[in-house]
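In this text, residue positions in the sequence shown follow the working numbering: the first is 1116, and each later residue adds one. Right, one structure below, let's go through it.
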Amino acid sequence: MALERATIISAALELLDEVGIAGLSNRALAAKLGVKGPSLYWHFKNMAELHSQMAEAMLAEVMPSPDPKAFPGGWREWLAVGAWGLRGVALSRRNGVEILANARPTGTNPLLSFPAMVGRLEAAGFAPDAARGAMIAIGRYVMGSARSENAGSDADFAFGLETLLDGLEVRLARTKP
């Protein structure tokens, strides 16, 4: 049976939940898959690349429709759904925050690329710098709050997210003619 990238990524996510990021090694992953460690290098050149692919798989589970216009609340609802989804997936897996925070996009899913997301905000009326800044601010807020969270702090997260979105809405209104 040929080993496929998707199978490796799925097994790596399972192993992450079982042993955490410290136990997620090439050797442990190969053992879980019943293969020899070097065979994994045909698919991933190193653990950093695997971590990035794991992050993309996690994000693909929760990212909203790529078009903010598909949401009744437009860009604001699109960002909120994405932020809640990112937070949820970060907290749903052992060391999920670390995997997501340290991942570098591989480009295998163009819908999840940072430039594509920024472009969606530009299409919604944001200036390029404001769209980029909005994506960075939301991402950092979500990851920072997930990194320090205790269970049951949905209300605190919601307050911070709404405050950020309110500020973005005011900023966008100032730039409209």
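Don't be surprised by glycine CBs; every beta carbon is placed ideally from N, CA and C. Please read all numbers here as calculations on a predicted model, not as lab measurements.
Next item on the list: Confirm, please, whether the CB-CB distance from residue 1254 to residue 1287 is below 8 Å.
Entry: no
Note to self: Check whether the stretch 1164-1181 and the stretch 1245-1259 touch, using three or more Cβ-Cβ pairs below 8 Å as the test.
What the structure shows: no
Note to self: Assuming residue 1179 is part of the alpha helix (DSSP H), what are its boundary residues?
What the structure shows: No alpha helix (DSSP H) contains residue 1179, which DSSP labels as neither H nor E.
Checklist line | For residue 1180 and residue 1172, the rounded distance between their alpha carbons | finding: 16 Å
Next item on the list: Look at the alpha carbon of residue 1159 and the alpha carbon of residue 1130, and state the distance between them as a whole number of angstroms.
Entry: 16 Å
Checklist line | Cα-Cα separation between residue 1369 and residue 1242, rounded to whole angstroms | finding: There is no way to answer for residue 1369, as the model of the chain reaches only from 1116 to 1292.
Item checked: Three-pair Cβ contact test at 8 Å for the stretch 1191-1210 versus the stretch 1149-1158 -> no
Check: The alpha helix (DSSP H) spanning residue 1196 covers which residue range?
Finding: 1189-1207
Margin query: By the three-class DSSP mapping on this structure, what secondary structure does residue 1119 have?
Written below: coil
Margin query: Tell me which residue opens and which closes the alpha helix (DSSP H) that residue 1223 is part of.
Written below: Looking at the DSSP string, residue 1223 is not in any alpha helix (DSSP H), and its letter there is neither H nor E.
Margin query: Tell me the rounded alpha-carbon separation between residue 1230 and residue 1191.
Written below: 18 Å
Note to self: Just to confirm before moving on: does the CB-CB distance between residue 1177 and residue 1203 stay below 8 Å?
What the structure shows: yes
Next item on the list: Could you tell me how far apart the beta carbons of residue 1175 and residue 1224 are, in whole angstroms, since I believe they sit closer than 8 Å?
Entry: 6 Å
Next item on the list: Using three-state DSSP, classify residue 1158 as helix, strand or coil.
Entry: coil
Margin query: By the DSSP assignment, the alpha helix (DSSP H) with residue 1229 in it spans what residues?
Written below: 1229-1238
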